[in-house]
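Residue 1 is where the sequence shown starts when you use this note's numbering, and the numbers rise one by one after that.
For each residue, glycine too, the CB sits at the ideal point set by N, CA and C.
Reviewing the structure listed below.
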Amino acid sequence: MNENKIPIFDPTVEMNTNKEILAERKSDLNTKKCGLLWNSKIGGDKLMHFILSELNRKGIKPSEIVELKKEYDTRPAKKEIYEEMAKKCDFVITAVGD
């Protein structure tokens, strides 16, 4: 009998049937405070600012821009970042980069 067996994993999972509640959508982003959350990957900051400039070009002009940055691209942001976003921002744009 061969002791050097390779385990095979089944990556399938049961479908999530929970009904999630979506956040309330703002009907108008003008005069709202916009958060920009960059995950620290190269180019992510440029992508966020490009998206913001596209919004401006389409007539969407936030009253304030709050720029935030994750410490590491591979880990979730610290709790304080999420708390700051919740306190200071009406909506957030996040970008990945690469």
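ask   = Taking buried to mean at least 16 other C-beta atoms within 10 Å of its own C-beta, is Leu36 buried or exposed?
value = Mapped onto the sequence shown, residue 36 falls at position 36. Counting Cβ neighbours within 10 Å, Leu36 comes out buried, since at least 16 surround it.
query = Buried or exposed: where does Gly59 fall if 16 or more other Cβ atoms within 10 Å of its Cβ makes it buried?
reply = Position 59 of the sequence shown holds residue 59. By the neighbour-count rule (16 or more Cβ atoms within 10 Å), Gly59 is not buried but exposed.
With 16 other Cβ atoms within 10 Å as the buried cut-off, status of Pro7 = What you label residue 7 is simply residue 7 of the sequence shown in a count that begins at 1. By the 10 Å Cβ count, Pro7 comes out exposed.
ask   = Since Lys69 sits in a beta bridge, which residues does DSSP pair it with?
value = Within the sequence shown, numbered from 1, the residue matching residue 69 stands at position 69. Answer is Trp38, bridged to Lys69.
message = Can you tell me whether Pro129 is buried or exposed? The criterion is at least 16 other CB atoms within 10 Å of its CB, across all chains shown.
response = Past the boundaries of the shown model lies residue 129; the chain is included only from 1 to 98, so the question cannot be answered.
message = Suppose you measure from the CA of Tyr82 to the CA of Arg25; what does that come to, to the nearest Å?
response = Here residue 82 refers to the residue found at position 82 when the sequence shown is read from its first residue. Here residue 25 refers to the residue found at position 25 when the sequence shown is read from its first residue. Between Tyr82 and Arg25, the C-alpha separation is close to 18 Å.
inquiry  = Closest to Ile101 by C-alpha separation, out of Ile51, Leu22, Ala23 and Gly43, would be which residue?
reply    = Missing from the structure shown is residue 101; the chain here goes from 1 to 98 and no further.
inquiry  = Am I right that Met85 and Val92 are in contact with their C-beta atoms under 8 Å? What's the rounded C-beta distance?
reply    = To locate residue 85, count along the sequence shown from 1; it is residue 85. To locate residue 92, count along the sequence shown from 1; it is residue 92. About 5 Å; that satisfies the 8 Å criterion.
ask   = Nearest CA to the CA of Lys70: which residue from Trp38, Thr31, Asp28 and Leu47?
value = As a working note, residue 70 is residue 70 in the sequence shown. Among Trp38, Thr31, Asp28 and Leu47, the Cα nearest to that of Lys70 belongs to Trp38.
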